[in-house]
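Data block below; observations after.
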């Protein structure tokens, strides 16, 4: 149904352009004839009518030939050759037909009387070549531009679909990681401290709720993301107790900024898994949020060492880089390195006040 409506719309647009174009030709001829000639003969009006009628008919037939020969689908060089050949053929055919028809009904102009029909036919064919050449130029340029625009739109739609699928794949990969340790911590608390166990269940439910919502949105407020991180670290504190020290250095003005959901959570989780859990004496997790020039800078620091050949995927490097690249392009930055004070630092910088890619 939609394709039929589109075809009908295109046909109606084509005929509008046809009548407007040839109608403009009639208007220009009538204007100059009325301006420079005192007496307009009936013969002149009939010749103009025949010319415009033939122009409409033969240009439409030419369009049918272009469509059925699929000229527009061929490589550009073959399109140009087809363009010239079709123009020549229809110019010659229309010129000969016009000459014979006007001779038959005696509609020759003053300068044409006594002229040999062969010469007159070639002269008319030359004029028709000029008109059909202009007509075809307009027609080919219109469809060439339309085709390029459609390709650009299709390309953008495809890129958007690919990015959406990639983001969903990344989110599905990173969201479940924190669940298992949290469940083990809660299980250990059920008999030992039921009140804290109930609080832990609430914290876990908040994290799971946020995880499900992350599939539906591209960004969340940093304040909400930070709340989830605090719930996660509270659960991990149950497991590590005094071995885990938690520090926050948060610029309150950054709380209203948008951030990718679960990204900070992933870096904190990796800091626990690959840093704190491997230290016998435990260590520190420090979360920092601040403005850095025209960027929102997030840092997650944890006690430990960055091995010479670290498990990059374990540190969330691949997924984090992919998400930042898809959402912010080359304007974002992600680095992970070891500081001088025996800390591993994961740093994200996201541009302020820009539209997502």
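Residue numbers (the working numbering): 15 to 371.
A virtual CB, placed ideally from N, CA and C, is assigned to each residue, including glycine.
Residue i - partner residues in DSSP beta bridges
| i | result |
| --- | --- |
| residue 350 | 360 |
| residue 272 | 235 |
| residue 302 | 263 and 313 |
| residue 365 | 309 |
| residue 258 | 297 |
Minimum C-alpha distance to residue i - residue among the options
| i | options | result |
| --- | --- | --- |
| residue 283 | 304, 242 and 305 | 242 |
| residue 199 | 153, 165, 249 and 168 | 249 |
| residue 259 | 295, 349 and 213 | 295 |
| residue 150 | 72, 119, 49 and 132 | 72 |
| residue 361 | 344, 208, 156 and 315 | 315 |
| residue 76 | 359, 99, 264 and 60 | 99 |
| residue 133 | 154, 156 and 109 | 109 |
| residue 9 | 32, 62 and 33 | With the chain represented from 15 up to 371, any question about residue 9 goes unanswered, as that position is not in the structure. |
| residue 319 | 293, 341 and 270 | 293 |
| residue 272 | 244, 222, 232 and 91 | 232 |
Residues near residue i by beta carbon distance below 8 Å, same chain, minus five either side
| i | result |
| --- | --- |
| residue 268 | 236, 303, 304, 305 and 310 |
| residue 64 | 112, 115, 116 and 121 |
Same chain, Cβ closer than 7 Å to residue i, neighbours up to 5 away in sequence not counted
| i | result |
| --- | --- |
| residue 36 | 66, 69 and 70 |
| residue 262 | 301 |
| residue 335 | 348 |
| residue 39 | 66 |
| residue 215 | 200 |
Distance, residue j Cα to residue i Cα
| i | j | result |
| --- | --- | --- |
| residue 240 | residue 278 | 8 Å |
| residue 107 | residue 168 | 40 Å |
| residue 42 | residue 159 | 28 Å |
| residue 96 | residue 105 | 14 Å |
| residue 220 | residue 163 | 46 Å |
| residue 102 | residue 74 | 15 Å |
| residue 382 | residue 78 | Nothing can be reported for residue 382, as the shown portion of the chain is limited to 15 through 371. |
| residue 313 | residue 364 | 12 Å |
| residue 356 | residue 161 | 59 Å |
| residue 81 | residue 30 | 19 Å |
| residue 57 | residue 147 | 27 Å |
| residue 202 | residue 246 | 16 Å |
| residue 83 | residue 367 | 52 Å |
| residue 358 | residue 297 | 11 Å |
| residue 88 | residue 152 | 18 Å |
| residue 131 | residue 170 | 57 Å |
| residue 280 | residue 287 | 10 Å |
| residue 140 | residue 32 | 21 Å |
| residue 49 | residue 60 | 19 Å |
| residue 351 | residue 285 | 12 Å |
| residue 86 | residue 339 | 38 Å |
| residue 212 | residue 345 | 43 Å |
| residue 223 | residue 197 | 15 Å |
| residue 206 | residue 251 | 15 Å |
| residue 275 | residue 308 | 21 Å |
Check: residue i C-beta below 8 Å from any heavy atom of the ligand SAH
| i | result |
| --- | --- |
| residue 57 | In terms of ligand content, the structure shown is empty, and the ligand SAH therefore cannot be addressed. |
Buried versus exposed, by CB contacts within 10 Å (16 or more), residue i
| i | result |
| --- | --- |
| residue 142 | buried |
| residue 218 | buried |
| residue 145 | buried |
| residue 317 | buried |
| residue 27 | exposed |
| residue 343 | exposed |
| residue 254 | buried |
| residue 290 | buried |
| residue 135 | buried |
| residue 329 | With a pLDDT of 45 at residue 329, under the threshold of 50, the predicted position of this residue should be treated as unreliable, though the coordinate-derived value follows. Residue 329 should be labelled buried. |
Chain D within 9 Å of residue i, Cβ atoms only
| i | result |
| --- | --- |
| residue 312 | Of the protein chains in this structure there is only one, and it is not chain D. |
Contact set for residue i: own chain, Cβ-Cβ below 6 Å, skip 5 residues either direction
| i | result |
| --- | --- |
| residue 138 | 109, 112 and 113 |
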